[in-house]
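Heads up: the structure comes next, in structure tokens.
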Amino acid sequence: MRKPDKLNWGILSTGKITHQLAEAINESDTAELFAVASRDIDTANKWNGHYNVPHVHGSYESMLADPDVDVIYNATPNHLHAKWTILAAEAGKHVLCEKPLASHVGEVMAMLDACRRNKVCMIEAFMWRCHPMAKQLHERVKDGTIGDVGLIEASYAFNWGPWQADNCRAKAEQSGGGIMDVGTYAVCGARLVAGAALGKDFADPIDVDGAGHINAQGRVDEWAAATMRFDNDIVANVSCALSVNTNAMIRIWGSAGSIEVLNPWTAAGPFTVRLGDDAPREETIDAKHCTLYAYEVDMMARCVADGRLEAYSPAMTWADSIGQQHAIDRWRRGVGVIFDVESEQGMQQTITGRPVAHRSDHRMTYGRIEGVDKNVSRVVLGSTAIRQTPPAEAFATYDHFFESGGSAFDTAWWYGTEMERVLGQWVNARGVRKQIVLAGKIAHVKSTDHPYDEPGCEPESATRELHESLEHLGTDYLDIVLLHRDNPRVPAGEWVDVFNEHLGAGLIHAWGGSNWTIDRIDEVNAYARKHNKRGIAAISNQFSLMKWNEPTWALCESCRDENWRQWLTSSRIPNLAWSSQSAGLLAGRRDDQMTRVWDNPANTGRIQRADALAKKRGCTVNNIALAFVLRQPFESYAVIGPENIEQVRTSLDALDVTLTPDELQQLDVGDSAS
2 MRKPDKLNWG ILSTGKITHQ LAEAINESDT AELFAVASRD IDTANKWNGH
52 YNVPHVHGSY ESMLADPDVD VIYNATPNHL HAKWTILAAE AGKHVLCEKP
102 LASHVGEVMA MLDACRRNKV CMIEAFMWRC HPMAKQLHER VKDGTIGDVG
152 LIEASYAFNW GPWQADNCRA KAEQSGGGIM DVGTYAVCGA RLVAGAALGK
202 DFADPIDVDG AGHINAQGRV DEWAAATMRF DNDIVANVSC ALSVNTNAMI
252 RIWGSAGSIE VLNPWTAAGP FTVRLGDDAP REETIDAKHC TLYAYEVDMM
302 ARCVADGRLE AYSPAMTWAD SIGQQHAIDR WRRGVGVIFD VESEQGMQQT
352 ITGRPVAHRS DHRMTYGRIE GVDKNVSRVV LGSTAIRQTP PAEAFATYDH
402 FFESGGSAFD TAWWYGTEME RVLGQWVNAR GVRKQIVLAG KIAHVKSTDH
452 PYDEPGCEPE SATRELHESL EHLGTDYLDI VLLHRDNPRV PAGEWVDVFN
502 EHLGAGLIHA WGGSNWTIDR IDEVNAYARK HNKRGIAAIS NQFSLMKWNE
552 PTWALCESCR DENWRQWLTS SRIPNLAWSS QSAGLLAGRR DDQMTRVWDN
602 PANTGRIQRA DALAKKRGCT VNNIALAFVL RQPFESYAVI GPENIEQVRT
652 SLDALDVTLT PDELQQLDVG DSAS
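Each residue of the sequence shown is one higher than the one before, starting from 2 at the first, in our numbering.
Here it is, written out as structure tokens:
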């Protein structure tokens, strides 16, 4: 039974670290040690001999099903953190998850999404960040005690002697290694200090340059170091090891002095400040608990009581945990450590091990394209940004989009073999080919100076690229293929004839054009009708709330003027709008291209009106802009270009935004002036 004013804790797994947490729960006034679970009941009972916990479970699932368990302490090996945190969140349990949160940042984002959807608190278990020492360190750096920070050094290492091959730290299949074990502390400390120096809660490095030694037997790092560069050219050197001893410390050098903290990761050592030629002084820290881990137990209780889903800084907030995982991913990949879950074989399974399926509570809406026998999600996942991410992270993003009701995926031969190969691997690994719509693009113009003087945008090249895309994607057909550019030198009838051949061969189910003009589309479709053939079923031209000054790239076409609106409304031909969110303009992206294409007074007015409406609706400007595309009176789909799960999630919030005809018109006031 639940005790008043206390949270019932269940400990998932029975590894060595769980004894520390059990003692912390017993010391804390906010918690009750209520249950323990192991995959073997005898192991659970043996562990419980130390504590006499009232509920002992022989499976993790059994403990998650217990309605009286409030909080789960996830102490499984690293490669299982994501799975059991997600399952715990779905069971309505708050989660304290051991560090590092996951094997890679894609898993972290999936974990956070599950916790957000199920309204449970999740905290990454860096116990020292919950201790008063972390707050005091942050304050000393932030208030300028040692001047402007230039250099940071952070290390944590131990020597466990002969290589312990059976230890989870020693196995790539369990996402082990020194960086993932003790290197995480050094990174966490450097990011906290750099953030304080920049006046923020934490900072993420601009660059991470790592090196280390990989143990051939375990395929993980034994020792490693990295240089991280932050804003203002703050430089941090971090190091870790499993088989080399170093001091556990943080050292910070500023223009007016330095700070040194020995044994910061256990908050056990002196906190020393040196200013100029003055004698060093040691600062005391007012600590409530004897047991360090009790601070994170109390942090969980505070967050749950306050209705928060994440910790209070300087404990690990969700944004902090995402940045932390990014940094350690970059470090270990720079060293050459790749985990089994990131391999082609490892990616065959989802994070939870369950088949992917649309969630019952998804908000996606759908339309139809002539010739495509499936529902086409109104939001289409573009691949241009995802192609920059490691495959395991791309898989996590694809999973999330599909589970959110997404069915349409935009790709292109021009985007590269590897991008199409990864998307195709995901499709085949998840077994969803019959459920999704693959929209491919072929026949991209190679040169914009003399665009039609070399092969690329004519029937022969288009056919070759179609076959190559099918091979890359590992599929027999594309649901719809779009000509990436038009070549006006090719007679309309030639395009119709060649694509009807591909339709007859079953290589495509529909075809259309990207960056085509109205006159050219009408010409093609007139020929198709005259010869009883299938013409253009959909187009993919630029369309967004913002209106460009000039095309983003040469030979591109926008549907943004009134002539296009009338044509789209009367023709009923769908437009898969690319750059539907104005290429990141509304998310704060600023560079020379953004200025050239989007900077004009009319767009400034649109942003201001969208911002006012967003505040009224309780959403983001980006949501209003995407809803503008989705709520048009013609057949409009939005191709989005997210890099990760978080960007997919925030984009899909636009599905909840309805806009009246008057609001659509008001948002676009000033169109004629631009």
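In this text, a Cβ means the ideal position worked out from N, Cα and C, and glycines have one as well.
{"Item": "Under 8 Å between C-beta atoms of residue 104 and residue 340", "Value": "yes"}
{"Item": "Nearest-angstrom Cα separation, counted from residue 538 out to residue 636", "Value": "12 Å"}
{"Item": "Chain-order list of residues whose beta-carbon lies under 7 Å from that of residue 353 (same chain, five-residue window excluded)", "Value": "84, 87, 88"}
{"Item": "Residue-chain proximity (residue 47, chain B), Cβ-Cβ < 8 Å", "Value": "Looking at the structure shown, chain B is missing, and only one protein chain is on hand."}
{"Item": "Residue range of the unbroken beta strand (DSSP E) whose run includes residue 409", "Value": "409-411"}
{"Item": "Runs of alpha helix (DSSP H) lying entirely within the region 472-501, each at least 4 residues, in chain order", "Value": "none"}
{"Item": "Simplified DSSP assignment, three categories, for residue 464", "Value": "helix"}
{"Item": "The region 184-201 touching the region 284-302, judged by at least three CB pairs closer than 8 Å", "Value": "no"}
{"Item": "Inter-residue spacing [alpha-carbon to alpha-carbon] between residue 260 and residue 238", "Value": "15 Å"}
{"Item": "Residue 617 burial status per 10 Å Cβ neighbour count (16 or more: buried)", "Value": "exposed"}
{"Item": "Boundaries (first-last residue) of the alpha helix (DSSP H) holding residue 195", "Value": "185-198"}
{"Item": "C-alpha gap between residue 600 and residue 608, whole angstroms", "Value": "11 Å"}
{"Item": "Spatial distance of residue 471 from residue 18 (CA atoms)", "Value": "49 Å"}
{"Item": "Residue environment, residue 715, which counts as buried when at least 16 other CB atoms sit within 10 Å", "Value": "Because the chain is modelled from 2 through 675, residue 715 falls outside the range shown and cannot be assessed."}
{"Item": "Residue 495 versus residue 442 - alpha carbon distance", "Value": "18 Å"}
{"Item": "Beta carbon of residue 208 nearer than 8 Å to that of residue 192", "Value": "no"}
{"Item": "Residue 158 beta carbon less than 8 Å from that of residue 246", "Value": "yes"}
{"Item": "Extent of the continuous beta strand (DSSP E) to which residue 441 belongs", "Value": "438-443"}
{"Item": "C-beta contact flag for residue 642 and residue 383 at 8 Å", "Value": "yes"}
{"Item": "Alpha-carbon to alpha-carbon, residue 410 and residue 574", "Value": "19 Å"}
{"Item": "At least 3 beta-carbon pairs within less than 8 Å: the region 418-431 vs the region 463-483", "Value": "yes"}
{"Item": "Exposed unless 16 or more other CB atoms sit within 10 angstroms - verdict on residue 461", "Value": "exposed"}
{"Item": "Inter-residue CB distance, residue 215 and residue 338 (contact presumed, cutoff 8 Å)", "Value": "6 Å"}
{"Item": "Within the region 503-537, ranges of the alpha helix (DSSP H) (whole runs, at least 4 residues)", "Value": "519-531"}
{"Item": "The beta strand (DSSP E) enclosing residue 380, as first and last residue numbers", "Value": "380-383"}
{"Item": "C-alpha distance - residue 24 paired with residue 293, whole-angstrom precision", "Value": "10 Å"}
{"Item": "Residue 55 to residue 76 span [Cα, whole Å]", "Value": "19 Å"}
{"Item": "Closest by C-alpha distance to residue 165, when choosing among 116, 151, 195, 223", "Value": "223"}
{"Item": "Cut-off 7 Å between Cβ atoms - residues of its own chain near residue 665, not counting five sequence neighbours on either side", "Value": "629, 632"}
{"Item": "Closest by C-alpha distance to residue 602, when choosing among 549, 571, 592", "Value": "549"}
{"Item": "Spatial neighbours of residue 359 in its chain, beta-carbon cut-off 6 Å, leaving aside the 5 residues before and after", "Value": "406"}
{"Item": "Coil, strand or helix - residue 161 by DSSP", "Value": "coil"}
{"Item": "Coil, strand or helix - residue 597 by DSSP", "Value": "helix"}
{"Item": "Sub-8 Å separation of residue 639 and residue 625 beta-carbons", "Value": "no"}
{"Item": "Distance, residue 333 Cα to residue 418 Cα", "Value": "26 Å"}
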